[in-house]
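A short write-up of the structure that comes next.
Residue numbers (the numbering used here): 2 to 321.
Dropping the structure here:
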């Protein structure tokens, strides 16, 4: 049952061509084309109702039912009075110069308990690009991890400084990527490698990471695998593993392994005091080289080396 004031408003809207209703102009219509710009036709009532906030008075927004209603909170700075800005998280207009979160402050500053921006940081995201947050201050020339350093460098996580990794020779050129030419890349299990086993590419030196040694920025620790060149083949059918490895254009290739027994047996070199294949330290008559070389995915795995990480080449890392 309508109260008298409401009934009078309804009747007035029915008999007049247009009327104001809660801040929105309404006109009789049969389609959107009958309505002014910024309005749409509400088929149920045959009246033009608001379609955008722009047609509503200041401080009002167009609601889903087409009525301009008083705004509660804000969505953008345009919704706020002069001298204030909209806090997108709380939807509240805040006096300029004040803050409610660190996001309201420029890089290198945070929002204090007094709602003011002041120099400081909680983590490195609060700092200008390239600076690290350490003990509440943004500092240049510091690192959180190796990704903050130049290629070929590591990060000392105690002093937070970058330093050159001199274990090399990272990416140094070597003559042949075989296990039968040791020490091209220094002592120990540093191997002469080729990217993806493609012998048409120039070989380069990897650096041992088999004991968990960190690789510098630009490099990652990858498994070193070899093809044991014992059994020749022309097709997959000639191999017990069903896989014949051939370079493009070659008539003969080599069978990939299918069991650990098909990988070479390591032994100790009495002269170098290293295992001939895996390059692990050994003593004559000892058992350091007795561990089997495992066949994994058709290849014999002999160690782990730091190599350029996926998407990078030696040229990319070594270029100034």
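Don't be surprised by glycine CBs; every beta carbon is placed ideally from N, CA and C.
Residue environment for residue 220: buried (at least 16 other C-beta atoms within 10 angstroms of its C-beta). Classified as buried, residue 227 has 16 or more neighbouring CB atoms from the shown chains inside 10 Å of its CB. Residues of the same chain with a CB within less than 7 Å of the CB of residue 60, apart from the 5 flanking positions on each side, are 71, 72 in chain order.
In this structure, residue 308 sits near residue 207, with a CB-CB distance shorter than 8 Å. Closest in C-alpha terms to residue 190, from the list 303, 66, 36, 52, comes 303. Secondary structure of residue 119 (DSSP, three-state): strand.
Sequence-distant partners of residue 43 (beyond 5 residues in either direction) whose C-beta falls short of 6 Å from its own C-beta, in its chain, are 50, 67.
Considered as a whole, the stretch 61–109 harbours 61–63, 69–71, 85–88, 93–96 as its complete beta strand (DSSP E) runs of no fewer than 3 residues, in chain order.
For the pair residue 204 and residue 193, the CB atoms are nearer than the 8 Å cut-off. Residue 111 counts as buried, since at least 16 other C-beta atoms from the protein chains shown sit within 10 angstroms of its C-beta. Its Cα nearest to that of residue 231, the residue 258 stands out among 296, 238, 269, 258. Residue 58 is a Cβ neighbour of residue 69, given a cutoff of 8 Å.
In the structure shown, residue 111 adopts extended strand secondary structure according to DSSP, grouped into three states.
C-alpha of residue 284 to C-alpha of residue 248: approximately 38 Å in a straight line. In terms of CA proximity to residue 312, 196 leads the group 196, 237, 306. One thing to note: residue 143 has its Cβ within 8 Å of the Cβ of residue 135.
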